[in-house]
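Report on the following structure.
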Amino acid sequence: MGRSLFRATAELTRLAGWMAFDMGQQEAAQRYYIQALRLARAAGDVPLGGYVLASMSLQATYRGFAEEGVDLAQAALERNRSLATAKTMSFFHLVEARALAKAMDAGGCAVALSSAESWLERSREGDADPGWLDFYAYDRLAADAAECYTDLRSPAEARRFTKDSLSEPTETFVRSHGLRLVVAAVAELEAGNLEAACEAGARALEVAGRISSARTTDYVRDLLQRLEPYQNEPQVKELKEAARPLLVSPA
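Residue numbers for the sequence shown follow the numbering used here, so the first one is 134 and each next one is one higher.
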């Protein structure tokens, strides 16, 4: 009973950290994550502890601390060798790839992405995957791979993965879909396809207008900054005008 309680509390605390992270409350998110890690240890649940470390890695990477993100992701991997399911290991390698891409380590990122794909291919329907990993499937791997290649300024690879990342229904994970659309827009822009970039950006704004997420707003702001060299183009002016309500909102 004690371990079950610690495990459940750890999951809820990690979720609180993720929500704080998404809302831009970074210090609060760190406090929640540290507490969740302690609770996972008290529960004796190593994979769950790895999930918390992976969440901390994503936060560090997002905030620009790529090396710290790499260390946290690799800590999750090291602690879970021979313990976690194939699907879990795939996710941890994907988080590692995100951090390595932000660190501009193209070779390391490619190896991590290959490992993530390989582990996911090994996963089976009957595996004892933890419930907190229900969200993870190939479309999530493709979405993060696209973001990796966007960071690495490889638009052709990014575009290849964005097609797969946007292939699934959108209503279950609306926020994630919005982020993926922004990444798709950036990939199209980097490939020289301004019209396609603006089209994806407009779809992303439609999604962003339905949610409250500081992280999504930051992604949109980054896209608009990348569009600055084309600010006199009609479609860019239209997109910037459509984004105005989002950028001035408290989100």
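By construction, the Cβ of each residue, glycine as well, lies at the ideal position given by its N, Cα and C atoms. The structure presented is a predicted model; accordingly, all values stated were derived computationally and were not measured.
Report, in whole angstroms, the separation of the C-beta atoms of residue i and residue j, which I expect to be a contact under 8 Å.
| i | j | result |
| --- | --- | --- |
| Ala162 | Gln192 | 6 Å |
| Ala333 | Glu321 | 6 Å |
| Gln368 | Glu328 | 6 Å |
| Leu356 | Val319 | 6 Å |
| Leu253 | Ser223 | 4 Å |
| Val353 | His310 | Going by Cβ atoms, the distance from Val353 to His310 rounds to 14 Å, so no, they are not a contact pair. |
| Ala169 | Arg136 | With 8 Å as the limit, Ala169 and Arg136 do not qualify as a contact, their Cβ atoms being about 15 Å apart. |
Considering only residues of the same chain and omitting the five flanking positions on each side of residue i, which have a CB-CB separation below 7 Å?
| i | result |
| --- | --- |
| Trp151 | Ser188 |
| Gly410 | The requested residue 410 is not part of the displayed model; the chain covers only 134 to 384. |
| Glu290 | Tyr282 |
| Ala232 | Ser190, Thr194, Ala199, Gly202, Val203 and Ala206 |
| Leu266 | Lys220, Thr221 and Phe224 |
| Glu229 | Val203, Ala206, Gln207, Leu210 and Ala245 |
| Arg196 | Gln159 |
Which same chain residues end up closer than 6 Å to residue i when comparing Cβ atoms and leaving out the 5 residues on each side of it in sequence?
| i | result |
| --- | --- |
| Asp297 | Ala275 |
| Phe139 | Leu172, Ala175 and Ala176 |
| Ala209 | Gly183, Leu186, Ala187 and Phe225 |
| Phe154 | Ala162 and Gln192 |
| Thr142 | Leu172 |
| Ser346 | Asp155 and Arg308 |
| Arg348 | Asp155 |
| Val381 | none |
| Ala449 | Because the chain spans 134 through 384 in this model, residue 449 falls outside it and cannot be assessed. |
| Cys331 | Gln368 and Leu372 |
From the DSSP output, in three-state form, read off residue i for me.
| i | result |
| --- | --- |
| Leu170 | helix |
| Glu258 | coil |
| Arg308 | helix |
| Pro378 | helix |
| Ala209 | helix |
| Arg147 | helix |
| Gln163 | helix |
| Ala239 | helix |
| Arg343 | coil |
| Arg348 | helix |
| Ala276 | helix |
| Arg196 | coil |
| Pro383 | Low confidence applies here, because Pro383 scores a pLDDT of 49, under 50, leaving its location unreliable and the question unanswered by this model. |
| Thr218 | coil |
| Ala320 | helix |
| Ala270 | coil |
| Arg98 | Any question about residue 98 goes unanswered here, given that the chain covers just 134 to 384. |
| Asp178 | coil |
| Pro367 | helix |
| Gly325 | coil |
| Leu451 | Absent from the model: residue 451. The displayed extent of the chain is 134 to 384, so no value can be given. |
| Met189 | helix |
Looking only at its chain, what residues have a beta carbon closer than 8 Å to the beta carbon of residue i, apart from the 5 residues adjacent to it on each side?
| i | result |
| --- | --- |
| Arg313 | Ala276, Ala279, Thr295, Ser298 and Leu299 |
| Arg336 | Leu314 |
Cβ-heavy atom distance between residue i and the ligand MG below 6 Å?
| i | result |
| --- | --- |
| Ser251 | Within the structure as shown, the ligand MG is missing, as the structure has no ligands at all. |
Open item on the list: Any contact between the stretch 211 to 218 and the stretch 181 to 197? By contact I mean 3 or more CB pairs, one from each, below 8 Å.
Closed with: yes
Open item on the list: Under 8 Å, with one C-beta from each stretch per pair, do the stretch 194 to 206 and the stretch 227 to 247 reach the 3-pair mark?
Closed with: yes
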